[in-house]
Structure formats: structure tokens, C-alpha cells
Amino acid sequence: MAKGKSTKKGGRSAFSGLSVVASAVLLFMVALPTFVTLVVGLLPSLVAFIFDRSPGRTMARCVFGLNFSGVAPYILELWQVPSQTVGGATQQIFQPLALSIMYGAAGLGWLLYLAMPPIVANVLNLSAQRRVGELRKKQRALIKTWGDSLIKEVDRSGN
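Taking the working numbering, I'd label the letters of the sequence shown as residues 88 to 246.
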């Protein structure tokens with residue numbers, strides 16, 4: 088049974104990888120300037136995808152989302168030009184500001200991935216502490232209403 092699950096997962100991954108390769112080949116043949124811009128701009132996402140082995144590839148998703156948001160304006164700018172050329176695309180993407188925006192957005196994705204777990208842990212901890220405080224307050228109100236005999240009965244029952 089475990090063998091079937093791993094085969095299914097591997098099949099899904101192989102299909103996904105095959106679809107990415109097929110899309111890249113099609114994009115290479117149809118729109119070479121866009122392909123060049125995407126390859127150079129999304130290098131940090133490729134690195135994140137290669138090194139992320141966690142289930143769901145959360146690091147790769149986080150980096151890709153912000154990295155693509157940094158590359159997208161330059162792709163749209165490239166599509167605005169009537170005659171797309173590889174020379175124009177390389178001239179555009181190798182400007183220091185363009186590379187800084189593309190890779191800086193990817194860097195923000197890495198930073199977001201690294202910074203969010205401690206932030207979420209702190210928020211959950213504060214929420215749990217607040218809940219404990221509310222329960223203590225309700226406990227005090229119950230003791231005030233029912234008296235200390237309630238505590239003794241609870242201790243005797245073991246609950």
C-alpha cells in the first residue's frame with residue numbers, strides 16, 4: 088500500500104515536471120525574448136525549487152510568488168514593444184535596477200519564508216496565553232459562585 092502511494096506521488100511529480108518542460112520548450116519556440124527574461128529573472132525560484140525538499144514545497148512557492156511579481160513588470164514592458172527581440176530583452180533585464188528588483192523581490196520571498204514561522208509561533212503562543220487567562224477568570228468566577236468545595240470535589244474525582 089505504501090508502495091502505491093509513493094508511485095502516485097512520483098507520477099504526479101513527473102507529470103508536473105513534464106508539463107513545466109513542455110511549457111518551457113513551447114515558450115522558447117514561440118516567444119524567445121519572454122523566455123530569456125523569465126529564465127534570467129526566475130533563477131532564484133529555480134534555486135529554491137531545487138533545494139526545497141519539504142512537503143508542499145512551501146519555500147519554493149513563497150520565493151516564486153514574490154520573484155514572479157518582480158519579473159512580471161518587465162515581461163509586460165517587453166510585451167508592449169511591437170517588435171520583441173532577444174537583444175532588447177537582454178538589454179532590459181541586465182540593467183542593474185531591473186536585476187535588483189527581480190532578485191530583491193525573490194530575496195523578500197526568502198525573508199518572508201524565514202521570518203513567518205517564528206512570528207506565527209509567537210502569535211499562537213500569545214493567543215494560548217490569552218485563552219488561559221480567560222479560563223482562569225472563569226474559574227475564579229465559578230469558585231466565587233460555588234465556593235471552595237467545588238475544588239475539593241474536582242480533586243477527589245481526579246478530573
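Where a beta carbon is used, it is the ideal one built from N, C-alpha and C, also for glycine. All values reported here derive from a predicted model rather than from experimental measurement.
Beta-carbon spacing of residue i, residue j below 8 Å
i    : j    : result
A275 : P131 : Any answer about residue 275 is impossible in this case: the structure gives the chain only from 88 up to 246.
G196 : G152 : yes
I249 : G220 : The chain is shown only over 88 to 246; residue 249 falls outside these bounds and no answer can be derived.
V173 : L119 : yes
Per-residue burial, residue i [other beta carbons within 10 Å of its own, 16 or more giving buried]
i    : result
M189 : buried
P204 : exposed
V158 : buried
W233 : exposed
A176 : buried
V150 : buried
A147 : buried
CA-to-CA distance, residue j to residue i, given in whole angstroms
i    : j    : result
L184 : Q216 : 46 Å
F138 : L213 : 33 Å
K225 : L199 : 38 Å
N154 : F136 : 12 Å
K231 : I238 : 11 Å
Q171 : F115 : 13 Å
L229 : L133 : 59 Å
Task: Segment contact, 8 Å Cβ cut-off, at least three pairs: the region 156-164 with the region 118-125 - done: yes
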